[in-house]
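Going down the list, the sequences are from chains A, B, C and D.
Using the numbering used here, you'd call the opening residue of the first sequence number -8 and step up by one each time.
Using the numbering used here, you'd call the opening residue of the second sequence number -8 and step up by one each time.
Using the numbering used here, you'd call the opening residue of the third sequence number 5 and step up by one each time.
Using the numbering used here, you'd call the opening residue of the fourth sequence number 5 and step up by one each time.
Each residue gets a CB set at the ideal place from its N, CA and C atoms; glycine is no exception.
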Amino acid sequence: MIAAIQAALAEEMRRDPTVFLIGEDVRLGVFAGTRGLHAEFGDKRVIDTPISELAVAGTGVGAAATGLRPVVDLMFGTFLYLAFDQIANQAGAMRYMFGGQTKLPIVYMTQNGSGSSAGHHHSQSVHPFFMNMPLIKVVMPSTPYDAKGLLKAAIRDDNPVVFFNHLSLGGQRGEVPDEEYLIPLGKADIKREGADVTICAAGMMVHQSLKAAAALEADGISAEVIDLRTLKPWDEETVLASVAKTGRFIAVDESYPVCGGASEWAAVVAEKGFSDLKAAPRRISSKPVPIPFSPALEKAVIPSAEEIAAAARELMAVAAR
Amino acid sequence: MIAAIQAALAEEMRRDPTVFLIGEDVRLGVFAGTRGLHAEFGDKRVIDTPISELAVAGTGVGAAATGLRPVVDLMFGTFLYLAFDQIANQAGAMRYMFGGQTKLPIVYMTQNGSGSSAGHHHSQSVHPFFMNMPLIKVVMPSTPYDAKGLLKAAIRDDNPVVFFNHLSLGGQRGEVPDEEYLIPLGKADIKREGADVTICAAGMMVHQSLKAAAALEADGISAEVIDLRTLKPWDEETVLASVAKTGRFIAVDESYPVCGGASEWAAVVAEKGFSDLKAAPRRISSKPVPIPFSPALEKAVIPSAEEIAAAARELMAVAAR
Amino acid sequence: MTPSPEVVMDIYTRMLRIRRFEEQVGKLFAEGQLPGFVHLYIGEEAVGVGVCAALRDDDYIVSTHRGHGHVIAKGGDFNRMMAELFGKATGYCKGKGGSMHIADFSIGMLGACGIVGGGIPVAVGAGFSAYYRGTDQVAVSLFGDGAANEGSFHESLNLASALKLPVIFVCENNGYGEFTPAERAMNIQDIAERAHGYGIPGVIVDGTDALAVYEAAAAAVERARRGEGPALIEAKTHRRGGHAEGEAAFLAGQQYRSPEEERAAQEKDPLARLGAFIIEREIAPASHLETLDAKIVEQVTAAVEFARSSPDPSLESLYEDTWV
Amino acid sequence: MTPSPEVVMDIYTRMLRIRRFEEQVGKLFAEGQLPGFVHLYIGEEAVGVGVCAALRDDDYIVSTHRGHGHVIAKGGDFNRMMAELFGKATGYCKGKGGSMHIADFSIGMLGACGIVGGGIPVAVGAGFSAYYRGTDQVAVSLFGDGAANEGSFHESLNLASALKLPVIFVCENNGYGEFTPAERAMNIQDIAERAHGYGIPGVIVDGTDALAVYEAAAAAVERARRGEGPALIEAKTHRRGGHAEGEAAFLAGQQYRSPEEERAAQEKDPLARLGAFIIEREIAPASHLETLDAKIVEQVTAAVEFARSSPDPSLESLYEDTWV
Ligand SMILES: Cc1ncc(C[n+]2csc(CCOP(=O)(O)OP(=O)(O)O)c2C)c(N)n1
Ligand SMILES: Cc1ncc(C[n+]2csc(CCOP(=O)(O)OP(=O)(O)O)c2C)c(N)n1
Ligand SMILES: [Mg+2]
Ligand SMILES: [Mg+2]
């Protein structure tokens, strides 16, 4: 996964001299795959900053508004809280507020999610905050292939994008072709086809969903797993088409449940796919608590393949209306 | 409305010497009804601060963790973005992270919502961010009566509460009794009973919903309007009971649609009240753009009584399944 | 570096343009003709103009909630400004921004900002951009004394100094953040003092003396263009009126400034001061200034006419200027 | 105010407790026995201990991601700390906090913090609380050089100085924020310089000299207790090891400190320094220090045993410690 991100950054920086990378310790590369870029691109294009998330995020805004394409590495999702104002009030608003006078091609890159016993301050799933923000695109890949294609597309996009890696997917392996490719933002990917129940997820939860689908197969239940990949704008069409086929829907999101991703997906499916539904849509989110440190507790907080599979079995057991 | 808030603050400050008020210009009182308190309670309990939202919010955390009951006035919802880290990572986490070693009785008070041509930076509906945060309670009154009772309850609550006024409800009038009363957090209020469709809202949207209900009456449609009052924890029970009666559901929230309040309410109703639903649940939110300045455009962004009534009529037209 | 007569006249003209524009806006607001919040720049004209006169057209400025004066100082257009204040389709931001969000990217004015301190990091980004692209442009961040207590001030000055970026930080110290006096919001007299904490020059200047501001700005700009990094200029100035228009009604009799202080603020009028200087030094006769004034008043009146007769934004425009 | 022999021995004991605890933690981490991230305090013991020795039990401290040493300095318990690092139910936070979130409210230790700069405003609140309640407690905020570039640092120092609160800000300047040297993150040598920007005293102290830290802290504490407001102490220190345990593998050969620098950091050992002082001044004989050491090592070993044999938190506890 890290290698795919490195490759995406390097390719885009080679292609376009206005692309640069800025953040804390991006030279050595802490998590987000920025390693090795300083050696190739030097001090001017790979910029270590003081620990000042708000100013760094705003520097991205000012640079983007004056012709550059910053990639801003903010390390951990929760650090975006400190940069929230610049992302929401500037990156997410300037173009509209100013009547279209500027484009804002910025990528904010960060780590998201739990599962590494990093404690609450380094384990939160913060993507719903950015999903609830006008004009911010939100991307969350689950595989190296998707990460590379999506990150390249995000860098070329003329709008602000928050790009989430999952801390625990850093070591994830997967095929990445040598030829260049892009993955358009806003397009989901059906990671596994199925006929009985639609499971909608992103990031790490795609893997839990695929595990669940594998387990369900043994029970004769055929689950379709949709990887949203882009969380805003998100691919309602693909999800609704799947639900039209299966009639059953499970939304799986790693975030805190209230106003989280699962609520959004379930609400849209209920609203627009109501007549297709054979049973109530189901939401599976993290348990409604901060993320505990203890591995035993943390595991219990995050949605598991077992939970997903159990929900699917329950849905299958409901008499179709 | 302002007077009700003033009264709530004054009564609680008289009752409990550990309650104090801190924020920018709380002495003169900019919006949140802090006016007049400095005259009664003096410099020590009504504290003007520098413009430093992050430090002021964190001061509330430190004070609450050591035995006080701060009421922190942060003036406008968007200013909470600057304080986001302290609210999410400290106020919303400390008690749990530290294994229950402390309580955190803090109230963050602010203005929310649009309709005053204040421009995007002073017009956002930011409550979904706090609904998506563990251990933060969220309160949003629609009437002076509720505001007073809820604010007093929030101040007595041992957990962090974000209390939202609506900028345009500042002048709202309504009966407030002389005797003391509290309104428990987490309890919705049925502002209008009805048999055909359930409309769920909070804050300013309650008034739009009531207007819609009045219009619908003329068409012979009987709408029940539920004022959630507390957005977290929210009163699923009351809402689901209403839907069990009406079979039709409209969630109205002033926020940006994706991962907003309306999505949450619609998702829960779809998931837990599915068999009661005669038609798809409907969501009405603000249009998915930043809040424009122009009064004409701003009006078009905010959910209107007409939209709500139109949605209700459509729901009534769907053949019950 | 005393400015030439042409520069002096240019500075005076821009200041007068601000004064007359703002007076008109104040009147319109009082008459209930303008939606939203309005913060006037009257009394502070010498700061924005002194700074902008030291800039090139391709230099950047980033402004505040009190931004009308900055737009005009950088060369902005009355008509599009006034139309924006009325929320009309012909405004700078097509009616989507309003008083606190006027921008004119074509003249390097990267926008007013309703968030106190919110523009400071953006200016750092514009300065970074100049550095990165290898131009000798500079970026100016204008902000108030109140903003100097925000985290964004600190992070921005430190970041710009660590990266040695061509950014001039101009603090317009009018002694108040809303209704809170600066003395109560900070434990120091001079915000310029904070520059030492970032290893950059900190200069105090009389913000009612446009030429002094100009000279301080010109020196900082030159230094920044040479690649020697940022500077902080603190201009001591006065807010002639209240924090926001209409505040008297809103404050319902509550006072926060003494009558003496208000009088002092009135007396230190930067416009009158520069006018007297021009006449005294015989840079131009009083009659010329009067003609200029009349012309500007006419332009302001025409701008009101333009704004009034402009259409509201169409409802279709609601979904424009979103994603590219 | 040279500390008495008792105080010197107390300081030494606390420092030694930190050293042996942290060495053990480093070993456990290397063996893969500890979950999560771990940042050790080795080499910086003199700072936390020098400060905490100048405090009363009812004074407050707020800590950082590198907080083990602070807990021990304030009088924390090995068993509950070690159990927390293992994520066990018997830990300080019942296994919910972990290394970066250890707190002991019973001794005024208001918590470590995974957010750089996140604890600083909390300390201001604790100081406010002491002021409000009319006690003469003080609150200490410990933070790193990197944190001094966060907005929270600036806002907190300004707020505490504007309100004249009893808060001591202690910057542990170990020259690095993760892998970025302070020289690259700021354009000044001395963070203490920033104190002037808030009108408060700024003191530089050798952070490897526990007694010097103690004296500086004691002076600041006394001043704060008298109601004279906050102070900033910059303790120049060295991070003996890496930023976080396990970083060598993670950095895969990338270097960010020169061998000379690493050697210099090893040589300025605050513990050895104070030990030599104690022996030289005949405050205690070497044999006594050895006995002490053996006792502490035993306690650490016992703590590991305690932690290992403690149960994991029950799944029911997941929903405890939420809303009151
Ligand atoms: C982040 C933020 N906090 C508070 C406010 C409310 N507010 C608007 S203007 C203002 C005062 C700003 O003072 P200063 O920076 O000195 O500028 P001045 O108004 O004096 O020009 C305040 C507190 C705001 N707009 N943004
Ligand atoms: C807000 C925030 N930004 C970044 C980080 C990542 N991070 C953890 S420790 C650290 C370095 C902190 O440096 P300093 O304050 O000097 O403390 P030290 O580690 O040297 O003790 C960084 C950048 C973080 N935890 N929080
Ligand atoms: Mg001011
Ligand atoms: Mg450090």
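Nearer than 8 Å: is that true of the beta carbon of residue i relative to any heavy atom of ligand 2?
i     : result
D/V66 : no
A/M66 : yes
Using a 10 Å radius around the Cβ and a threshold of 16 neighbouring Cβ atoms, would you call residue i buried or exposed?
i      : result
B/G162 : exposed
B/G211 : exposed
C/L114 : buried
D/D62  : exposed
B/K35  : exposed
B/L158 : buried
A/Q102 : buried
B/L141 : buried
Within the same chain, show all residues whose beta-carbon is closer than 6 Å to that of residue i, passing over the 5 residues directly before and after it, in chain order.
i      : result
B/R147 : none
C/I283 : A290
C/P9   : I287
Measuring CB to CB, does residue i end up less than 9 Å from residue j?
i      : j      : result
A/I314 : A/I78  : Residue 314 of chain A lies beyond the residue range present for chain A, which begins at -8 and ends at 312; the question has no answer from this structure.
D/T68  : D/A116 : yes
D/G80  : D/Y96  : yes
B/D149 : B/P224 : no
D/I119 : A/T57  : no
A/G53  : C/V174 : no
D/G91  : D/P263 : no
D/V144 : D/V55  : yes
A/G110 : D/H72  : no
C/S165 : D/N178 : no
A/A232 : A/A214 : no
C/G250 : C/L169 : no
C/Y136 : A/F67  : no
C/R70  : C/Y45  : yes
C/L275 : C/A50  : yes
D/V11  : D/L278 : no
Considering only heavy atoms of ligand 1, does any lie closer than 8 Å to the CB of residue i?
i      : result
B/R26  : no
C/I119 : yes
C/N178 : yes
C/A152 : yes
B/D16  : yes
C/G206 : no
B/H397 : The structure shown does not extend to residue 397 of chain B, since chain B spans only -8 to 312, so no value can be given for it.
C/R60  : no
C/G73  : no
Excluding the 5 residues preceding and the 5 following residue i in the sequence, name in chain order all residues of the same chain whose CB lies nearer than 8 Å to its CB.
i      : result
A/C250 : P119, N123
B/D137 : I174, D180, D218, R220
Heavy atom of ligand 4 less than 8 Å from the Cβ of residue i, yes or no?
i      : result
D/G148 : yes
D/G181 : yes
D/R227 : no
Cutting at 7 Å between CB atoms, please list the residues of its own chain near residue i, excluding the five before and the five after it.
i      : result
C/A189 : G150, N153, G181
B/S108 : F284, P286, E289
B/H112 : T69
B/G1   : Checking the sequence shown, residue 1 of chain B turns out to be Ala, not Gly. Once the five neighbours on either side are set aside, the close Cβ partners of B/A1 are L28, E31.
With three or more C-beta pairs closer than 8 Å as the rule, is the region 16 to 27 of chain B touching the region 95 to 103 of chain D? no
So, does the region 231 to 243 of chain A touch the region 261 to 279 of chain A, judging by three or more C-beta pairs under 8 Å? yes
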